[in-house]
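Engineer: So that we are looking at the same thing, I have put the structure below in structure tokens.
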Amino acid sequence: MKTPFTAYFKQASIPLVEVNKQPFVPSHPMPFVAEESKLYYVGDGCQLNYRWHDAFDVFVAVLEAYLPDTKAGLLAVPVASHLSDIHLVYQLAGHSEFRPPATPVASELQLARSHQLIVYTAPAVATLYIKPDKLTHRFTIAVAVPKRKWLSRHSGDEQNPLEALFLFRQRSLHEHRYLSPARISPQVYMWLHLLLTVPRYAGLVMDDALNHPVAHLVEQHRMEYADAKRIKRDQALVATARTLARKLVARMQGSEPVPTVDQIAAALHTTNQRLRRLHLLYHGQRFFHYIYTCRLEEAKQRLSSGLPVAAVAYQLGWSEPTNFAAEFRKYTGSTPRSYRRRHGL
């Protein structure tokens, strides 16, 4: 049996015996899988259930294990990839480690529960180490492999990590690459559930039925990686804006006005609306409140250095020391003079 994702159970670290009946009720029945595409194994302290469907355009497989005997330790199973395609791997229960044979660039992939792995696998072998959930003693990993030319349909945006992986697949057939494991989103869970519960159809209708959720899985991953790029860019903008706010406040000596959201947004070539929205989204705080906090934090530094209360107030944009004292007390719980005394001044 050679498929895009093949597990060699007879070479497992715990001796396994093939049986005719499923040893436990699987969490994912996969009604579209034919009886001849189901394998059941039992061993000392472990039971396995492996089902797959190898269609013209897509391969789908689920490996489930039940290991009630926690003393048995990790179960190691050699696995191999026999197609140069993108593999979508989902850890639904338990924990996986993929350890390839010793190579000049040895690597080990760890996949925790509720995480996904997208990998381009030039024909390669590895050892899959199975670690079940501590409470349920279950392990479940699902693999979907979209095959042939339809997978090559993409936008060509190499800034999107998934698109870059698609392009790499077209250019090279000899190097193993993957995207770092990431948490499975609710949208991916939805399409994965629809894929694993497809009813049984005859002939090519079965292929069409499987292609629909797999195509949506690929598209969902594409959109999420594009969103990840945007989120990273937005977070960088907010972090830069916060740094600029702190730097501008630190420069204040009485002649400079208090930095504003408009000023900082203009310096970063963005709009104040966008900056306000993103800062509230990532920090739960209005950006002008953050600028105000920067002034009070800077006031603490200057009071600690020995500057008089009135000088600190005027330098940092307060028109009256009494107003500054009231706001400082509200922020720190003590008056500026008490704060200075605590620092021996």
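Just so you know, we're using full-length UniProt numbering here: the sequence shown kicks off at 1 and counts up by one. Backbone N, C-alpha and C define an ideal beta-carbon position, used for all residues, glycine too. As the structure is a prediction and not an experimental result, all values here were calculated from the model.
Excluding sequence positions up to five away, which residues of its chain have a Cβ less than 8 Å from the Cβ of residue 199?
Structural biologist: Numbered from 1 along the sequence shown, position 199 holds the residue referred to as residue 199. Closer than 8 Å at the Cβ level, and outside the excluded window around residue 199, lie 31, 32 and 209.
Engineer: How would you label residue 85, buried or exposed, when you count the other beta carbons within 10 angstroms and need 16 or more for buried?
Structural biologist: Taking the first residue of the sequence shown as 1, we reach residue 85 at position 85. Buried is the call here.
Engineer: Tell me whether residue 322 is buried or exposed, calling it buried when 16 or more other Cβ atoms sit within 10 Å of its Cβ.
Structural biologist: If you number the sequence shown from 1, residue 322 lands on position 322. Exposed, since its Cβ has fewer than 16 Cβ neighbours within 10 Å.
Engineer: Could you pull the start and end residues of the alpha helix (DSSP H) that residue 323 belongs to?
Structural biologist: Residue 323 sits at position 323 when you count from the first residue of the sequence shown. From DSSP, the alpha helix (DSSP H) with residue 323 extends over 321-332.
Engineer: If we call anything under 8 Å between Cβ atoms a contact, is residue 325 one with residue 336?
Structural biologist: To locate residue 325, count along the sequence shown from 1; it is residue 325. To locate residue 336, count along the sequence shown from 1; it is residue 336. Taking 8 Å as the Cβ cut-off, residue 325 and residue 336 qualify as a contacting pair.
Engineer: Once DSSP output is grouped into helix, strand and coil, what is the label at residue 176?
Structural biologist: Taking the sequence shown and counting its residues from 1, the one referred to as residue 176 is at position 176. Of the three classes helix, strand and coil, the one that applies to residue 176 here is coil, per DSSP.
Engineer: Could you say which of 4, 47, 195 and 247 lies nearest to residue 29 if we only look at CA atoms?
Structural biologist: Within the sequence shown, numbered from 1, the residue matching residue 29 stands at position 29. Of the listed residues, the one whose Cα sits closest to residue 29 is 195.
Engineer: Using 8 Å as the threshold, is the C-beta distance between residue 7 and residue 119 below it?
Structural biologist: Position 7 of the sequence shown, counted from the start, is the residue given in the question as residue 7. Position 119 of the sequence shown, counted from the start, is the residue given in the question as residue 119. The answer is no: Cβ separation not under 8 Å.
Engineer: Would you be able to state if there are at least three C-beta pairs under 8 Å between the segment 34-42 and the segment 123-138?
Structural biologist: At 8 Å Cβ cutoff, the stretches do not touch.
Engineer: Are the beta-carbon atoms belonging to residue 65 and residue 88 less than 8 Å from one another?
Structural biologist: Here the question's residue 65 lines up with position 65 in the sequence shown. Here the question's residue 88 lines up with position 88 in the sequence shown. No, the Cβ-Cβ distance between residue 65 and residue 88 is not below 8 Å.
Engineer: Excluding the five sequence neighbours on either side, which residues of its own chain have a C-beta within less than 7 Å of the C-beta of residue 173, listed in chain order?
Structural biologist: Position 173 of the sequence shown, counting from 1, holds the residue named residue 173. Taken in chain order, the residues that qualify are 84 and 122.
Engineer: Is residue 198 helix, strand or coil when you go by DSSP?
Structural biologist: Locating residue 198 in the sequence shown gives position 198, where the first residue counts as 1. If DSSP states are grouped into helix, strand and coil, residue 198 belongs with coil.
Engineer: Residue 96: which of 164, 218 and 75 sits nearest, CA to CA?
Structural biologist: Taking the first residue of the sequence shown as 1, we reach residue 96 at position 96. Out of 164, 218 and 75, 75 has the C-alpha closest to the C-alpha of residue 96.
Engineer: What did DSSP end up calling residue 264 once you bin it into helix, strand or coil?
Structural biologist: Locating residue 264 in the sequence shown gives position 264, where the first residue counts as 1. Three-state result, residue 264: helix.
Engineer: Who does residue 92 pair with in a DSSP beta bridge?
Structural biologist: Residue 92 sits at position 92 when you count from the first residue of the sequence shown. In DSSP, residue 92 forms no bridge with anything.
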